[in-house]
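The structure appears below as structure tokens.
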Amino acid sequence: MNDPVIFLLGATGYVGSQFLIILGRVLPNIPVRALVRSSSDSERQAWLHGVHLNLTIIDGTLEDVNTIQDQAEKADIVINLASCDHVVCTEAILSGLRKRSANKPSQPPFLLHVSGTGIISDNARGEARDAKVYSDLDLDLESHVSCDFIFVSSLGSLYDRLPKDNPHLEIDISVVKAGTNKEIPIRTATIFPGMIYGVSEGIQKTTAWLRAFLEFAKINGHSGTWGKGLNSINNIHVKDVASAVLTVLQAALENRAYEGAQGIYFASSQEPRASWHECMTVIGNHLYEKGIVSKPGSHPFSDEFIESIKAANLSRGIHADGWSLFGGNQFSKPERLAKLGWEPVETKKRSILDSMKDSVEAAI
Ligand SMILES: NC(=O)c1ccc[n+]([C@@H]2O[C@H](COP(=O)([O-])OP(=O)(O)OC[C@H]3O[C@@H](n4cnc5c(N)ncnc54)[C@H](OP(=O)(O)O)[C@@H]3O)[C@@H](O)[C@H]2O)c1
Numbered sequence: 031m032n033d034p035v036i037f038l039l040g041a042t043g044y045v046g047s048q049f050l051i052i053l054g055r056v057l058p059n060i061p062v063r064a065l066v067r068s069s070s071d072s073e074r075q076a077w078l079h080g081v082h083l084n085l086t087i088i089d090g091t092l093e094d095v096n097t098i099q100d101q102a103e104k105a106d107i108v109i110n111l112a113s114c115d116h117v118v119c120t121e122a123i124l125s126g127l128r129k130r131s132a133n134k135p136s137q138p139p140f141l142l143h144v145s146g147t148g149i150i151s152d153n154a155r156g157e158a159r160d161a162k163v164y165s166d167l168d169l170d171l172e173s174h175v176s177c178d179f180i181f182v183s184s185l186g187s188l189y190d191r192l193p194k195d196n197p198h199l200e201i202d203i204s205v206v207k208a209g210t211n212k213e214i215p216i217r218t219a220t221i222f223p224g225m226i227y228g229v230s231e232g233i234q235k236t237t238a239w240l241r242a243f244l245e246f247a248k249i250n251g252h253s254g255t256w257g258k259g260l261n262s263i264n265n266i267h268v269k270d271v272a273s274a275v276l277t278v279l280q281a282a283l284e285n286r287a288y289e290g291a292q293g294i295y296f297a298s299s300q301e302p303r304a305s306w307h308e309c310m311t312v313i314g315n316h317l318y319e320k321g322i323v324s325k326p327g328s329h330p331f332s333d334e335f336i337e338s339i340k341a342a343n344l345s346r347g348i349h350a351d352g353w354s355l356f357g358g359n360q361f362s363k364p365e366r367l368a369k370l371g372w373e374p375v376e377t378k379k380r381s382i383l384d385s386m387k388d389s390v391e392a393a394i
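Mind the numbering: the sequence shown is residues 31 to 394 in our numbering, read in order.
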């Protein structure tokens, strides 16, 4: 690929801004067009241009279909670090890439989508379970485009089923479908991070779930969980997610990435998992010490509160009701990234629980 142009969505986000920092260090000359809302904010402008020298800001939101389609059509590579649940935005990206592919069939464009391990949730309703550890080598999204279930093989002939209404799946399948269409070739890869933690060096310092749970704690007067919160997710430091995105990008530039049906990458560590109850207890005690909530520790949220979150999610077009995302176990093994030489270096240095107070401080 000669002088590839990257169209980047989510450059100001928690993962996206950390990724932009390392992209600016490793590939400072690669042209980046970043979709940014509130693009007239001079502080944001200065930060973005400061970390990547060859960056152009494109003013727009994820709802600006024409802008997204147009930019995707002009790009060689699209990296979506903004939202894995935004159907309109994903369709606009794919539509632009299809046009690009039709104009230059000999040089298919590359889409790097970032989703999450919510797709493998067991929806245990807050219970600890000896849940299955899924390998990304076994995940087959391609052959199940028209089925009600996603099948996963872990032991050769043994097949398990993932409910198709787990979070993110609908869009992930549309990405794989585009990446396996031989008539309009588009190269695709999807990265599925686990529970991302740590303070980002970028514009947005705090992980999205922590921002949400801090709001939930303020509303309820205490930190809390979906059910008992004994469920857990393999975790990963934000800097390791950024390096995972760079690893796949570099492999794609050198034509050695897993793509299409094989373009499925878990990004998680095998460091000890912390349950939501453990995380929320550290957070609750810290918020209590600071006088932000009235009760220390963590306590299950009420059914009424959980219903209200479900309603808010649905009104924003997010199908997950919260139980699957926050009440399920998601155990993953990132075997494809390991094959590309990636390691979760930062995760090994400091655990999720050890980092939690700093993350709360960065958020409040
Ligand atoms: N955080 C986790 O633990 C986690 C785990 C697994 C997967 N993921 C996935 O990873 C991706 C990135 O997550 P994140 O934690 O980095 O999210 P984030 O911090 O909330 O960042 C989202 C980015 O998208 C932009 N954005 C959101 N809505 C927009 C809109 N309507 N128009 C224009 N820009 C918009 C934000 O812009 P502004 O700066 O203007 O808000 C920001 O740049 C998401 O798909 C997420 O689901 C996250």
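From the three backbone atoms N, C-alpha and C, an ideal C-beta is built for every residue, glycine too.
- Closest option to N59, judged by alpha-carbon separation, among A102, N153, S389 and P34: P34.
- Between the C-alpha atoms of R130 and T120 there is a straight-line separation of about 15 Å.
- Straight across, the Cα-Cα distance linking G148 with W77 is about 32 Å.
- Between N264 and G224, the gap from beta carbon to beta carbon is short of 8 Å.
- Annotation for L344: no residue places its beta carbon closer than 7 Å to its own, counting only its chain and skipping 5 residues before and after.
- By the neighbour-count definition (other C-beta atoms within 10 Å, threshold 16), N110 is a buried residue.
- Fewer than three beta-carbon pairs drawn from the region 112–126 and the region 163–173 are found closer than 8 Å, and the two stretches are therefore not classed as touching.
- Burial check for N285: the Cβ neighbour count within 10 Å stays below 16, so the residue is exposed.
- The shortest C-alpha to C-alpha distance from G90 to any of S72, T377, R67 and L171 is the one to R67.
- A distance below 7 Å between beta-carbons, with the five flanking residues on each side excluded, links S113 to the following residues of its chain, in chain order: L92 and C119.
- In this structure, the straight-line span from the alpha carbon of R217 to that of N315 is close to 47 Å.
- For R217, there is no enclosing alpha helix (DSSP H); the enclosing beta strand (DSSP E) covers residues R217 to P223.
- Burial state of G146 is buried, judged by a 10 Å Cβ sphere holding 16 or more other Cβ atoms.
- Of L171, S338 and S273, the smallest CA-CA separation from G371 is found for S273.
- In the structure shown, the three-state DSSP call for T97 is helix.
- Rounded to the nearest angstrom, the gap between the Cα atoms of G251 and G257 is 17 Å.
- Annotated three-state conformation of V323 is coil, per DSSP.
- Closest by C-alpha distance to F296, out of E231, R241, W239 and A219, is A219.
- Taking the Cα positions, V275 is about 10 Å away from K269.
- In the three-state DSSP reduction, A64 falls in the strand class (E or B).
- Annotated three-state conformation of I36 is strand, per DSSP.
- DSSP places L370 outside both helix and strand once states are collapsed to three, so it counts as coil.
- Contact between T236 and S389 holds: their C-beta atoms lie close to 6 Å from each other, under 8 Å.
- Ligand 1 never approaches L50 closely enough for any of its heavy atoms to be under 7 Å from the residue's Cβ.
- For V108, the enclosing beta strand (DSSP E) stretches over residues I107 to N110.
- Look at I149 here: in three-state DSSP terms it is helix.
- P139 is positioned such that its CB atom lies closer than 8 Å to that of V108.
- Annotated as proximal: L53 and H82, with beta-carbon spacing under 8 Å.
- Taking 7 Å as the cut-off, one finds at least one heavy atom of ligand 1 near enough to the beta carbon of P223.
- G232 and P374 have their alpha carbons spaced roughly 19 Å apart.
- Excluding the 5 residues flanking it on each side, S230 has same chain C-beta neighbours closer than 7 Å at Y44, S47, Q48 and V268, in chain order.
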